[in-house]
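First up is the structure itself, then whatever we jot down about it.
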Amino acid sequence: MAAVNAAVVARCSMECCFYWVGDWISPLEDIWNTEYEEETAHESTGCGAWIQTMERSHTAEADFNLRRGSKQQQQQQQKPWTRIAGNKLKMTLGLPVGAVMNCADNSGARNLYIIAVVGAGARLNRLPAAGVGDMVMATVKKGKPELRKKVMPAVVVRQSKPWRRQDGMYLYFEDNAGVIVNPKGEMKGSAITGPVGKEAADLWPRIASNSGVVM
(Lines of atoms letter the chains of each structure in order from A and count residues from 1; the text may use other names and numbers.)
(Lines give C-alpha, C1' and ligand atoms only; values in the text may rest on other atoms or scores of the structure.)
Protein backbone atom coordinates (compact mmCIF):
# COMPACT_ATOMS: atom_id res chain seq x y z
CA MET A 1 0.00 0.00 0.00
CA ALA A 2 2.86 2.32 0.82
CA ALA A 3 4.53 1.41 -2.48
CA VAL A 4 1.36 2.22 -4.41
CA ASN A 5 1.05 5.54 -2.65
CA ALA A 6 4.71 6.30 -3.41
CA ALA A 7 4.16 5.49 -7.10
CA VAL A 8 1.09 7.72 -7.25
CA VAL A 9 2.97 10.55 -5.56
CA ALA A 10 5.90 10.12 -7.95
CA ARG A 11 3.61 10.08 -10.97
CA CYS A 12 1.77 13.16 -9.75
CA SER A 13 5.07 14.94 -9.09
CA MET A 14 6.30 14.07 -12.60
CA GLU A 15 3.07 15.30 -14.15
CA CYS A 16 3.30 18.48 -12.11
CA CYS A 17 6.90 18.85 -13.27
CA PHE A 18 5.85 18.38 -16.87
CA TYR A 19 3.05 20.87 -16.40
CA TRP A 20 5.45 23.33 -14.79
CA VAL A 21 8.04 22.88 -17.53
CA GLY A 22 5.33 23.33 -20.15
CA ASP A 23 4.06 26.45 -18.44
CA TRP A 24 7.64 27.74 -18.32
CA ILE A 25 8.39 26.98 -21.99
CA SER A 26 5.17 28.39 -23.46
CA PRO A 27 5.89 31.97 -22.30
CA LEU A 28 9.37 31.62 -23.80
CA GLU A 29 7.83 30.57 -27.10
CA ASP A 30 5.59 33.61 -26.98
CA ILE A 31 8.61 35.82 -26.26
CA TRP A 32 10.60 34.23 -29.10
CA ASN A 33 7.71 34.63 -31.52
CA THR A 34 7.23 38.25 -30.47
CA GLU A 35 10.94 39.02 -30.91
CA TYR A 36 11.00 37.28 -34.32
CA GLU A 37 7.96 39.25 -35.47
CA GLU A 38 9.54 42.48 -34.25
CA GLU A 39 12.83 41.68 -36.02
CA THR A 40 10.98 40.77 -39.20
CA ALA A 41 8.94 43.95 -39.03
CA HIS A 42 12.10 45.96 -38.31
CA GLU A 43 13.91 44.38 -41.27
CA SER A 44 10.99 45.00 -43.59
CA THR A 45 10.65 48.55 -42.32
CA GLY A 46 14.38 49.13 -42.75
CA CYS A 47 14.34 47.74 -46.27
CA GLY A 48 11.37 49.90 -47.12
CA ALA A 49 13.09 52.92 -45.67
CA TRP A 50 16.26 52.06 -47.62
CA ILE A 51 14.28 51.69 -50.84
CA GLN A 52 12.44 54.91 -50.10
CA THR A 53 15.75 56.63 -49.40
CA MET A 54 17.17 55.35 -52.70
CA GLU A 55 14.06 56.56 -54.52
CA ARG A 56 14.40 59.94 -52.87
CA SER A 57 18.09 60.12 -53.80
CA HIS A 58 17.32 59.23 -57.42
CA THR A 59 14.54 61.81 -57.46
CA ALA A 60 16.83 64.43 -55.95
CA GLU A 61 19.54 63.58 -58.48
CA ALA A 62 17.06 63.88 -61.34
CA ASP A 63 15.83 67.22 -60.00
CA PHE A 64 19.44 68.40 -59.66
CA ASN A 65 20.26 67.37 -63.24
CA LEU A 66 17.07 69.05 -64.45
CA ARG A 67 17.93 72.27 -62.63
CA ARG A 68 21.51 72.02 -63.85
CA GLY A 69 20.38 71.55 -67.46
CA SER A 70 17.95 74.44 -67.26
CA LYS A 71 20.67 76.60 -65.72
CA GLN A 72 23.10 75.68 -68.50
CA GLN A 73 20.46 76.45 -71.11
CA GLN A 74 19.84 79.83 -69.50
CA GLN A 75 23.56 80.54 -69.48
CA GLN A 76 23.83 79.60 -73.15
CA GLN A 77 20.88 81.83 -73.96
CA GLN A 78 22.41 84.69 -72.00
CA LYS A 79 25.83 84.24 -73.63
CA PRO A 80 25.55 84.52 -77.42
CA TRP A 81 29.34 84.24 -77.72
CA THR A 82 29.52 80.53 -76.91
CA ARG A 83 30.68 78.19 -79.64
CA ILE A 84 27.81 77.86 -82.07
CA ALA A 85 29.48 75.61 -84.61
CA GLY A 86 30.63 72.77 -82.32
CA ASN A 87 33.56 71.66 -80.18
CA LYS A 88 37.28 71.73 -80.81
CA LEU A 89 40.12 69.52 -79.59
CA LYS A 90 42.58 70.94 -77.09
CA MET A 91 45.50 72.69 -78.74
CA THR A 92 48.35 75.08 -77.97
CA LEU A 93 47.07 78.63 -77.68
CA GLY A 94 49.35 81.24 -79.19
CA LEU A 95 47.37 84.49 -79.00
CA PRO A 96 46.84 85.84 -75.48
CA VAL A 97 44.95 88.99 -74.60
CA GLY A 98 46.91 91.97 -75.90
CA ALA A 99 48.19 90.27 -79.05
CA VAL A 100 47.90 91.98 -82.42
CA MET A 101 47.09 89.87 -85.48
CA ASN A 102 46.58 90.64 -89.14
CA CYS A 103 43.11 90.92 -90.57
CA ALA A 104 42.86 88.35 -93.37
CA ASP A 105 39.58 89.49 -94.96
CA ASN A 106 38.62 92.34 -97.29
CA SER A 107 36.51 94.24 -94.75
CA GLY A 108 38.93 97.19 -94.68
CA ALA A 109 40.71 96.44 -91.40
CA ARG A 110 44.46 95.84 -91.42
CA ASN A 111 45.09 94.44 -87.95
CA LEU A 112 43.11 93.35 -84.91
CA TYR A 113 43.96 93.90 -81.24
CA ILE A 114 42.64 91.11 -78.98
CA ILE A 115 40.97 92.37 -75.82
CA ALA A 116 39.09 89.21 -74.71
CA VAL A 117 38.71 85.54 -75.58
CA VAL A 118 35.18 84.20 -75.84
CA GLY A 119 34.51 81.15 -73.67
CA ALA A 120 37.95 81.17 -72.02
CA GLY A 121 38.20 79.98 -68.43
CA ALA A 122 39.87 81.86 -65.61
CA ARG A 123 43.00 81.15 -63.64
CA LEU A 124 44.88 83.48 -61.31
CA ASN A 125 47.61 85.48 -63.09
CA ARG A 126 47.01 83.71 -66.41
CA LEU A 127 46.05 85.70 -69.48
CA PRO A 128 43.21 84.21 -71.53
CA ALA A 129 44.58 82.99 -74.86
CA ALA A 130 43.08 81.96 -78.19
CA GLY A 131 44.05 79.48 -80.88
CA VAL A 132 42.96 78.67 -84.40
CA GLY A 133 39.17 78.50 -84.53
CA ASP A 134 38.54 80.51 -81.35
CA MET A 135 36.35 83.58 -81.28
CA VAL A 136 37.81 86.71 -79.70
CA MET A 137 36.69 90.24 -79.03
CA ALA A 138 38.96 92.65 -80.87
CA THR A 139 39.35 96.23 -81.96
CA VAL A 140 40.79 97.56 -85.22
CA LYS A 141 44.08 99.42 -84.72
CA LYS A 142 44.72 100.18 -88.39
CA GLY A 143 42.15 100.33 -91.15
CA LYS A 144 39.10 102.28 -92.24
CA PRO A 145 38.01 105.03 -89.85
CA GLU A 146 34.50 103.59 -89.56
CA LEU A 147 35.94 100.31 -88.23
CA ARG A 148 38.35 101.78 -85.70
CA LYS A 149 37.55 102.28 -81.98
CA LYS A 150 34.82 99.65 -82.04
CA VAL A 151 34.68 96.29 -80.28
CA MET A 152 33.72 93.47 -82.64
CA PRO A 153 34.02 89.68 -82.66
CA ALA A 154 36.66 87.96 -84.77
CA VAL A 155 37.78 84.39 -85.41
CA VAL A 156 41.42 83.33 -85.46
CA VAL A 157 42.32 81.53 -88.70
CA ARG A 158 46.13 81.36 -88.41
CA GLN A 159 48.72 81.37 -85.64
CA SER A 160 52.50 81.31 -85.78
CA LYS A 161 52.94 79.17 -82.65
CA PRO A 162 53.18 75.45 -83.49
CA TRP A 163 50.46 73.13 -82.22
CA ARG A 164 50.03 69.39 -82.40
CA ARG A 165 47.10 67.77 -84.13
CA GLN A 166 45.54 64.47 -83.12
CA ASP A 167 47.37 62.56 -85.85
CA GLY A 168 50.74 63.67 -84.44
CA MET A 169 51.53 66.34 -87.03
CA TYR A 170 52.82 69.74 -85.88
CA LEU A 171 51.65 72.78 -87.82
CA TYR A 172 52.26 76.52 -87.72
CA PHE A 173 51.69 79.46 -90.05
CA GLU A 174 53.83 82.38 -91.08
CA ASP A 175 51.73 84.97 -89.24
CA ASN A 176 48.84 85.44 -86.85
CA ALA A 177 45.61 86.35 -88.61
CA GLY A 178 41.89 86.53 -88.05
CA VAL A 179 38.69 87.61 -89.76
CA ILE A 180 35.90 89.88 -88.52
CA VAL A 181 32.57 88.14 -87.99
CA ASN A 182 29.22 88.81 -86.35
CA PRO A 183 27.94 86.96 -83.25
CA LYS A 184 26.50 84.21 -85.47
CA GLY A 185 29.84 83.53 -87.15
CA GLU A 186 29.04 85.20 -90.47
CA MET A 187 31.94 87.10 -92.01
CA LYS A 188 31.89 90.84 -92.53
CA GLY A 189 34.05 90.49 -95.65
CA SER A 190 33.59 88.26 -98.65
CA ALA A 191 37.06 86.76 -99.14
CA ILE A 192 40.01 85.54 -97.07
CA THR A 193 43.62 86.06 -98.08
CA GLY A 194 46.05 83.27 -97.34
CA PRO A 195 45.48 79.77 -95.94
CA VAL A 196 43.02 78.94 -93.17
CA GLY A 197 43.48 76.36 -90.44
CA LYS A 198 41.28 73.30 -90.65
CA GLU A 199 40.18 73.82 -87.04
CA ALA A 200 38.61 77.16 -87.96
CA ALA A 201 37.09 75.84 -91.19
CA ASP A 202 35.48 72.90 -89.38
CA LEU A 203 33.96 75.12 -86.71
CA TRP A 204 32.75 78.01 -88.87
CA PRO A 205 31.10 77.03 -92.19
CA ARG A 206 30.97 80.61 -93.52
CA ILE A 207 34.72 80.93 -93.08
CA ALA A 208 35.25 77.61 -94.85
CA SER A 209 33.13 78.72 -97.81
CA ASN A 210 35.05 82.00 -98.20
CA SER A 211 38.53 80.56 -97.74
CA GLY A 212 40.77 79.65 -100.66
CA VAL A 213 43.15 77.15 -99.03
CA VAL A 214 42.35 75.06 -95.95
CA MET A 215 45.30 73.42 -94.21
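The opening residue of the sequence shown carries number 0 in numbering that gives the first Met the number 0; numbering runs sequentially from there. Don't be surprised by glycine CBs; every beta carbon is placed ideally from N, CA and C.
| Query | Result |
| --- | --- |
| DSSP three-state assignment for residue 141, whether helix, strand or coil | strand |
| Cutoff 6 Å; reference residue 131; Cβ partners in own chain excluding five residues on either side | 155, 158, 196, 198 and 199 |
| Beta-carbon proximity list for residue 209, same chain, < 7 Å, skipping 5 on both sides | 186, 189, 190 and 191 |
| Rounded straight-line distance, which links the Cα of residue 100 to that of residue 148 | 16 Å |
| Nearest to residue 176 (by Cα), restricted to the options 89, 139 and 88 | 139 |
| Alpha-carbon spacing of residue 202 relative to residue 87, whole angstroms | 8 Å |
| Chain-order list of residues whose beta-carbon lies under 8 Å from that of residue 206 (same chain, five-residue window excluded) | 154, 156, 178, 180, 184, 186, 191, 195, 199 and 200 |
| Backbone secondary structure at residue 205 - three-state DSSP | helix |
| Cβ-based burial, residue 204 [other Cβ within 10 Å; buried from 16] | exposed |
| Residue 145 versus residue 136 - alpha carbon distance | 17 Å |
| Cβ distance (whole Å) where residue 128 is taken to contact residue 92 below 8 Å | 4 Å |
| Close beta carbons around residue 106, own chain, < 6 Å, minus the five adjacent residues each side | 179, 187 and 188 |
| Cβ distance (whole Å) where residue 103 is taken to contact residue 193 below 8 Å | 6 Å |
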